[in-house]
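All remarks here apply to the structure that follows.
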Amino acid sequence: MASRSQGPRMHQTLFSLLVFVALYASSAFAGLTSHTLLRAPSVPVQLLQHVQRAEQAQITTHQSPFIVSGDAAVQLAPTDEPEYQAYTFDQLVSHLDSVPAPVKGQTFKQRYWMNAKHYKRGGPVFLLDAGETNGEERFPFLRQGILEILSKTHNGIGIILEHRYYGESFPVQNLTTDSMRFLSTEQSLLDAKNFKLNGKLPGVAEFSNNLSPWIYYGGSYAGAKAAFARKKYPSTFWGGIASSGVIQPIINFHEYYEPIRKSAPQECMKLLITHTNIIDQLLDLNDYTVTSTLKGLFGLPNVTRSDDFVSTLALPLGSWQERNWDPAVGINDFDIFCNALTSSEHEPILPGQAAVLQPQIKKITWASATELDDLAKYARYIRTQVASSCPVGVSQNDCFSRSSGWNATGLDQASWRSWAWQYCTEYGLFVTSSPNASRRLVSKRINLKYSSEICHGAFPPGKLVSMPKTPQIKRIEKYGGFAMKGSRLAFVDGSEDPWLYATRHSPHAKKRPDTLSGPYKLIEGGVHHWDENGRPKGEPKIIREIHADEIKFVGHWIDQWNARDPLRPFSPSCADLPSSPPLIPYLPPHPQQGTPYHRYTLVLLEQKKELVLAPEAVERTDFSVRDFMRQNDLTASGMSFFRQKWDEDVSAIYREILGRLTVRCGRTSGTEPPRFARPPKIDTYAGRPAKYGLL
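Numbering (mature numbering (1 follows the signal peptide of the UniProt record, and there is no 0)), first residue to last: -30 to -1, 1 to 665.
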């Protein structure tokens, strides 16, 4: 059941997750945003909440039409336009009886939004999974992004479905450990399936699930879900587009930094690697004076733990993911950071700091004579752009310690707590330092132990459930991981995305062909789901091309949907439908002798007169080509041979097209797929099939 959820107009909405105004560059947080903090090796909760409050205050003050969403910057439309109406669906709190205290039959209000202005009867439905953020932050994709692009071209409907435990779609009253038990990938996939089967689209005339194909789209975590949904529920979702989908769970994800190291300005990366190793060696001395002086140089003298200190130094790297092809959407913090490191300007150092650090740096044989001067430029950026973000009256430990604030369990903590539960229980993806010192952009102290502390620190054992010792990645690996494939399942990734190594285009994954049925697209120079946002005019070539590709392969999928029943697309009634069946039925491979191959021979026969041939079923063993030619005065004029192979596409055709038993206009259709099996051996003594002869 759908119901309306009343809310303020768009320009008054305060998004509770990862909000940032375009005017931020002149603010006190020019080098630090809430979504940068959420990408830290371990979330500094207190600082995150302070930055979020400041960002929201700026939006309230300036009423800026710009925001930055959870994992991609986006631009809102002018503020005088009406917002999209929020509807709610009565979603089951738990679809699974295996969950402790599953509260059978209870429901919660799950929000969704839609745009049906381009819809024509039988057009597709494009379902965008909002993923790990407030669903309102996906509005730009409904207005001028991927949903608008595909819906406008294919006369479809765009829908945003908010994820359970995010935004305002909560099945619980708090976020304690026990309350998190209904949050899992499987539960959320079942949410989407249930919504597709039972949800309503208010105001859309003549809409029927049976007439419209549903195509699931998502970016990042939601991109993985799009792939999983297509894989697990192929008869529910006709197609899936996984944009930057993190389909492979990885416990120790040190490769997050590899695309940055390879693609960022190399002078900047070389300096950062050098600085990182120098800092590690200075901390390895375990000398109180050296350590405190080093922290003071970076403006962080009161951060007690050294791992918290070096994690704070890593915060600017999170801004790499915020880059976007649209300058009105992306931000250039990373460029500012690199410019600071490579600046030719001299950065003065206090004499006392130089007296402590310079002798120790000189002992490092590979360090350059100017290392301390270069390190001071890095330190200045951290002092002015990161350390300064800690508000007056709040200690640096409270700002930059990862454990500060972990005990907060209100729904207002969902911006960090819900996703932390998900990666701690299922995905891993703990961002850590490279095991190779020559590739190390962040300190070796950012290891698995440190990055995963949040799991048991923020989620102590409850009465019903406990945090597993390590993430249960088999829950996600069962969908296929790097080997995922399937018909009408597209993978769209960016070559410079820090999450690349967890996607289908990972260097560790086997490449697959790029076809209309199985698109496999890599945006060269692209970062995180760059295809999701759009712009009516002025898109760069690489974005125009990927959007054109998506329009094309989705069109092919829609053609396949229409072709699954030759009667459906041409008329809404049975009155003017032809009575004869299609002349050319689908020709699949027939398993022979237990193999998925079959050879076909096509013979071109020249006719000398008009022939009237009644369609009839003919047994292959009783049919003679020579007799047929002789009876109809035909002459052989050509011949062709080919071999058909049974693959996933063929299986999908049987499962989703030929195998769908339908009755329409008095006709029943549906074909069962043949079984691969060798002919049974005959027991010559008993005259019956032998048991051991069956497969």
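Here a beta-carbon is modelled for each residue, glycine too, at the ideal position from N, C-alpha and C.
If you draw a 10 Å sphere on the C-beta of Pro441, you find 16 or more other C-beta atoms in it, and that means buried. Burial state of Asp467 is buried, judged by a 10 Å Cβ sphere holding 16 or more other Cβ atoms.
In this structure, the straight-line span from the alpha carbon of Arg569 to that of Glu102 is close to 49 Å. Relative to the Cα of Ala298, the nearest Cα in the group Lys455, Ala162, Arg505 and Trp336 belongs to Arg505. Non-local beta-carbon contacts of Arg445 in its own chain, meaning distances under 6 Å to residues more than five positions away in sequence, involve Glu396 in chain order. Judged by DSSP in its simplified three-state form, Gly209 adopts strand.
In this chain, the beta strand (DSSP E) harbouring Gly464 covers Leu459 to Gly464.
The residue among Asp277, Ser408 and Glu494 with its C-alpha nearest the C-alpha of Lys419 is Asp277.
Relative to Phe307, the option among Ala284, Ser68, Lys448 and Tyr351 whose CA is nearest is Tyr351. Using a 10 angstroms sphere on the CB of Pro431, the tally of other CB atoms stays under 16, which defines it as exposed.
Just so you know, the alpha carbons of Arg387 and Ser421 end up roughly 15 Å apart. Shortest Cα-Cα distance from Ser281 to any of Ser413, Cys360, Glu106 and Val524 involves Ser413. The stretch 301 to 366 is shown to contain whole alpha helix (DSSP H) runs of 4 or more residues at 303 to 312, 321 to 332 and 341 to 355, in chain order.
The DSSP-derived three-state label of Ser421 is helix. Non-local beta-carbon contacts of Gln218 in its own chain, meaning distances under 7 Å to residues more than five positions away in sequence, involve Gly451, Phe452, Ala472 and Ser476 in chain order. The DSSP-derived three-state label of Lys433 is coil. In the DSSP assignment, Val401 forms a beta bridge with Phe223. Within the stretch 104 to 138, complete alpha helix (DSSP H) segments of at least 4 residues are found at 109 to 113 and 116 to 124, given in chain order. Sequence-distant Cβ neighbours of Asp343 in its own chain, meaning closer than 8 Å and more than five residues away, are His316, Glu317 and Ile319.
Beta-bridge pairing by DSSP links Trp184 to Val95. By the criterion of at least three beta-carbon pairs nearer than 8 Å, the stretch 206 to 222 is not in contact with the stretch 122 to 141. Contact between the stretch 264 to 275 and the stretch 392 to 409 is absent, with fewer than three C-beta pairs closer than 8 Å. The beta carbon of Ser313 sits closer than 7 Å to those of Lys347, all from its chain and outside the five residues before and after it, given in chain order. For the set Asn222, Gly210 and Leu252, the Cα lying nearest the Cα of Gly525 is the one of Gly210. In the three-state DSSP reduction, Tyr490 falls in the strand class (E or B).
Excluding the 5 residues flanking it on each side, Leu574 has same chain C-beta neighbours closer than 6 Å at Ser607 and Gly608, in chain order. Taking a C-beta distance under 7 Å as the contact criterion, Phe96 and Gly115 do not qualify as a contact pair. Per DSSP, the unbroken alpha helix (DSSP H) holding Lys265 starts and ends at Tyr258 to Leu267. Inclusion of Ala100 and Ile130 in the CB contact set at 7 Å is warranted, their separation being smaller than that value. If you check the CB distance, Gln330 and Val260 come in under 7 Å.
DSSP places Tyr191 inside the alpha helix (DSSP H), whose first and last residues are Tyr191 to Lys202. Per DSSP, Thr282 is one residue of the alpha helix (DSSP H) stretching across Ser276 to Leu283. Judged by DSSP in its simplified three-state form, Gln601 adopts helix. Assigned with DSSP and collapsed to three states, Lys615 falls in strand. Distance from Thr402 to Leu327 at the Cβ level is roughly 27 Å; contact not present, criterion being Cβ atoms closer than 8 Å.
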